[in-house]
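As structure tokens, the structure follows; a few thoughts come after it.
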Amino acid sequence: MPLLIWNDEYNLGVSPIDEQHQGLLSLVNRLHEALAVGESRSHLGEIFEALKKYVQEHFHAEEELMHQSQFPGRQEHLQAHAGFCEKVDQLFLQFLHSASFLIGIELMRFLREWIEQHLQEADQAYILHLKAQQGAVSA
Ligand SMILES: [Fe+2]
């Protein structure tokens, strides 16, 4: 059972971003699955590094869109991205150095909750701004 299942509420209607979010969900699900079946830490580390790289590229694409459209909440959004990266890194490091699997559960819970909330609230906000602006430009 995947940790995150794509649904319409995640759909922002901007194709490269929606595709990237789907990619993000599938990488998080891969990590979750690997944890669930007890894959080696080095294999988990590889998936985690791939996830991190993907997230960095995706955040960069979003930040570029916010910059181009002069989204007023950009600074706050950037901080949310930075906070996410920092927390995920910290949890994964703890996981690698801990004998307890509970930290793995905490990591996955953090990923799920953050992604669900971020997609539906923070990302929704800049996409609305973007669409309003595009509407104004094409009107
Ligand atoms: Fe975002």
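Take 865 as the starting number for the sequence shown in the working numbering and just add one per residue. Where is the CB? At the ideal position from N, CA and C, for every residue including glycine.
Less than 9 Å separates the beta-carbon of Leu994 from that of Phe935. Those residues that bring their Cβ nearer than 7 Å to a heavy atom of ligand 1 are Phe923, Glu926, His941, Ala944, His945, His982, Ala986 and Asp987. In this structure, Glu921 sits away from Arg938, with a CB-CB distance that is not shorter than 9 Å. A distance below 8 Å between beta-carbons, with the five flanking residues on each side excluded, links His931 to the following residues of its chain, in chain order: Arg938. Scanning the region 947–978 for uninterrupted beta strand (DSSP E) segments of 3 residues or longer gives nothing; none is fully contained. The beta carbon of Gln958 sits closer than 6 Å to those of Ile967, all from its chain and outside the five residues before and after it, given in chain order. Two segments are said to touch when three or more pairs of C-beta atoms, one from each, lie closer than 8 Å; by this definition the region 906–919 does not touch the region 978–989.
One thing to note: Ile991 has its Cβ no nearer than 9 Å to the Cβ of Gly902. Annotation: the continuous alpha helix (DSSP H) that includes Ala925 extends over Arg905 to Gln932.
In the three-state scheme derived from DSSP, where H, G and I count as helix and E and B as strand, Val901 is classed as coil. With a cut-off of 8 Å on Cβ pairs, the region 902–912 is not in contact with the region 941–948, counting fewer than three such pairs.
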